[in-house]
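Trainee: Attaching a single structure in structure tokens format; questions to follow.
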Amino acid sequence: MLTSGEKIYEFAEQLFPICRSITGEGVRETLSRIRTHLPNLKLHEVPSGTKCFDWIIPLEWNIRDAWIIDPQGRKIVDFQVSNLHVVGYSTPIDAEVDLAELDRHLYSLPEQPNATPYVTSYYKERWGFCLPHEQRLALRPGRYRVRIDSDLKAGSLTYGELILPGHSNKEVFLSTYICHPSLANNELSGPCVTTFLAQWLAGLKDRRYTYRIIFIPETIGSITYLSLHAEALKERVVAGFNINCVGDERVYSFLPSRAETTFSDRVAQHVLHQLHPGYLKYDFLDRGGDERQYCSPGIDLPIVSIMRSKFGCYPEYHTSLDDLNLITPEGLFGAYLVHIKCLQCIESDFRPRITVYCEPQLGKRGLYPTLSGKESANAVKIIGDLIAYSDGRRSLLEIADRIRQPMWELVPIAEKLCAEGLMLRE
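By the count of this note's numbering, the sequence shown reaches residue 540 at its end, each step adding exactly one.
If you want it as structure tokens, here you go:
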């Protein structure tokens, strides 16, 4: 029987071959497969030409095939082998060109000669191919056949949205990307982990908050979504996470919101400090994903990112080396658990207030160990420390930080104190 980490990884394997972009059939196929796990996921289409703040939804791009045939008749670059071989949003071409002309449309990485780069041109029409630099250097003069079977036509931008109602209309917001082709950590880890987080949330019988979960193309997708929902989001969202780059087994990374002091910031850092204290904390100046949009002036949503290897900070980023060998079931499952801990903290937080003066008599309520020892003394100290700061002014999360204990270990203690009438939820 597969473990949760293996199930997430298996889902990534299924999605990996699909050629995704910011629009097109690859996005729809990806969302369709996500819907097999989340049947209540709703798909939305926003037409090309729609104005979204300062942006316009572009034409829809679809591609069926592409290749280069060298002077000897050999197919040397093939879209069917790797969808990274074509510059994203390439216009169609079917021509014979010499090497000098071809080279003007080739992209490679001299510093990573064995890797194929990921290159796009969404907002300027061009065509191009990507290939390893060592292969590019080996090309010889002559006539080359080039073909890109693609089209740019009026269509739409597609995104998926799942709303899981809670007792409150206040919301927790989860966002992830579905716009990169065959890239494992930078792309697929995010939607795959988010899919299983959504499944876990859907299974909660008593959700405190409402959860809004979206699967979107990066940048234009978040701008589009905000143009449709910004006012509701600003009114309702209390915390949120932009989920990407969560698949490898390297050190955890934290990217704060622009405000740096939101509920999300505090929860994320509390969980990482307790579970992975060696995590790397970045500055908002190191942003690069959709936190740019969610935290922009006037929007100011409390959105942070917890990652493994941060985008732009690992050598395989935006190359063919970011493949299924880079991510692992253990890496995916670790990030899944970290986000679950964050969501549990958000669900469980409240302002506790003790109802008696001085220390309550815990023994008569069965809350004090009947045998004393090192472990029992520590347990008593934790209860005492929790009570000492339960003045109705600090949240349980703030108290957990102050007394240096995991919040999830204080929750059952607080629940017992509340059940005995010794503590109130402010």
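Glycine included, every Cβ here is placed at the ideal spot set by N, Cα and C.
Since the model is a prediction, treat every value here as computed from it, not as a measurement.
Let me know if K478 comes out buried or exposed under the rule of 16 or more other beta-carbons within 10 Å of its beta-carbon.
Mentor: exposed
Trainee: My output table needs one value for V365: the three-state DSSP class, helix, strand or coil.
Mentor: In the three-state reduction of the DSSP assignment, V365 falls in the coil class.
Trainee: Would you call the stretch 361-376 and the stretch 419-427 in contact, with 3 or more CB pairs under 8 Å?
Mentor: yes
Trainee: Opposite L278 in the DSSP bridges: which residues?
Mentor: L278 has Y325 as its beta-bridge partners, per DSSP.
Trainee: For the putative contact between T338 and V141, defined by C-beta atoms under 8 Å, what is the C-beta separation to the nearest angstrom?
Mentor: Contact flag wrong, Cβ pair sits at about 13 Å.
Trainee: If you run the structure through DSSP and keep just helix, strand and coil, what is C166?
Mentor: strand
Trainee: I'd like the list of long-range same chain contacts for H387, defined as Cβ closer than 6 Å, with 5 residues on each side in sequence excluded.
Mentor: If we look at H387 and ignore the five residues flanking it on each side, it has no Cβ neighbours.
Trainee: Say whether the stretch 463-478 touches the stretch 145-153, bearing in mind that this needs 3 or more beta-carbon pairs closer than 8 Å, one atom from each stretch.
Mentor: no
Trainee: Pick from T137, I177, E143 and D192: whose alpha carbon is nearest that of I170?
Mentor: T137
Trainee: Kindly list the residues whose CB is nearer than 6 Å to the CB of C166, restricted to its own chain and excluding five residues on each side of it in sequence; keep chain order.
Mentor: I337, T338 and S341
Trainee: Should the stretch 310-318 be called in touch with the stretch 448-462, which here means at least 3 C-beta pairs below 8 Å?
Mentor: yes
Trainee: Tell me which residues share the same chain as G498 and place their Cβ nearer than 8 Å to its Cβ, disregarding the 5 neighbours each side in the sequence.
Mentor: E473
Trainee: Between which two residues does the beta strand (DSSP E) harbouring T338 extend?
Mentor: Run containing T338: none in the beta strand (DSSP E); it sits in the alpha helix (DSSP H), I334 to R350.
Trainee: Excluding the 5 residues flanking S162 on each side, which residues of the same chain have their C-beta closer than 7 Å to its C-beta?
Mentor: The beta carbon of S162 is closer than 7 Å to those of I171, P172, L173, E174, A268, G269 and S270 in its chain, skipping five residues each way along the sequence.
Trainee: Which residues in the same chain as L446 place their Cβ atom closer than 8 Å to its Cβ, once the five residues preceding and following it in sequence are excluded?
Mentor: G119, I122, Y123, A126, S303, C306, V307, V360 and G361
Trainee: Where does L485 land, buried or exposed, given buried means 16+ other C-beta within 10 angstroms?
Mentor: Because the pLDDT at L485 is just 48, under 50, the model does not fix this residue reliably, and the value given afterwards should be weighed accordingly. By the neighbour-count rule (16 or more Cβ atoms within 10 Å), L485 is not buried but exposed.
Trainee: Which first and last residues belong to the beta strand (DSSP E) in which S264 is found?
Mentor: That run of the beta strand (DSSP E) goes R257 to K267.
Trainee: Tell me whether the stretch 232-241 and the stretch 203-216 touch, counting them as touching only if at least three CB pairs, one residue from each stretch, are closer than 8 Å.
Mentor: As far as the Cβ criterion goes, the stretch 232-241 touches the stretch 203-216, which means the pair count is three or higher.
Trainee: Using CA coordinates, which residue listed in C459, M537 and L288 is at the minimum distance from Q519?
Mentor: For the residues C459, M537 and L288, the minimum Cα distance to Q519 belongs to C459.
Trainee: Examine the Cβ distances between the stretch 252-266 and the stretch 315-331 and report whether three or more of them are shorter than 8 Å.
Mentor: Between the stretch 252-266 and the stretch 315-331 there are fewer than three C-beta pairs closer than 8 Å, too few to call the two in contact.
Trainee: Closer than 8 Å by C-beta to V352: which residues in its own chain qualify, once you throw out the five before and the five after it? Chain order, please.
Mentor: Excluding positions up to five away in sequence, the list reads K284, E285, V286, Y323, F377, P416 and I460.
Trainee: Which runs of the alpha helix (DSSP H) at least 4 residues long sit entirely within the stretch 116-173? Give them in chain order.
Mentor: The qualifying runs are 118-129 and 139-151.
Trainee: By alpha-carbon positions, which one of E405, P411 and R259 ends up nearest to R188?
Mentor: R259
Trainee: Beta-carbon separation of R401 and H294 under 8 Å?
Mentor: Cβ atoms of R401 and H294: not closer than 8 Å.
Trainee: Have a look at H151 and L276 and give me their C-alpha separation to the nearest angstrom.
Mentor: Spanning the two alpha carbons is a distance of roughly 12 Å.
Trainee: Any idea what DSSP makes of T309, helix, strand or coil?
Mentor: helix
Trainee: Residues in its own chain within less than 7 Å of A546 by CB, not counting five upstream and five downstream?
Mentor: This structure leaves residue 546 out entirely; the chain is present only between 115 and 540.
Trainee: What's the gap between the Cα of S504 and the Cα of E345?
Mentor: 35 Å
Trainee: Does DSSP classify E534 as helix, strand or coil?
Mentor: coil
Trainee: Using the three-state DSSP reduction, which class does F193 fall into: helix, strand or coil?
Mentor: coil
Trainee: Here's the rule: buried if 16 or more other CB atoms are within 10 angstroms of the residue's CB, otherwise exposed. What is M542?
Mentor: This structure leaves residue 542 out entirely; the chain is present only between 115 and 540.
Trainee: Any idea which residues DSSP pairs M421 with across the strands?
Mentor: S367
Trainee: Could you have a look at N299 and say whether DSSP puts it in helix, strand or coil?
Mentor: helix
Trainee: Decide if N492 is buried, meaning its Cβ has at least 16 other Cβ atoms within 10 Å, or exposed.
Mentor: exposed
Trainee: Go to P466, then tell me how far its beta strand (DSSP E) extends in each direction, as first and last residue.
Mentor: P466 to I468
Trainee: Going by beta carbon distance, what residues of the same chain come within less than 6 Å of G335, once the five residues before and after it are set aside?
Mentor: Y273
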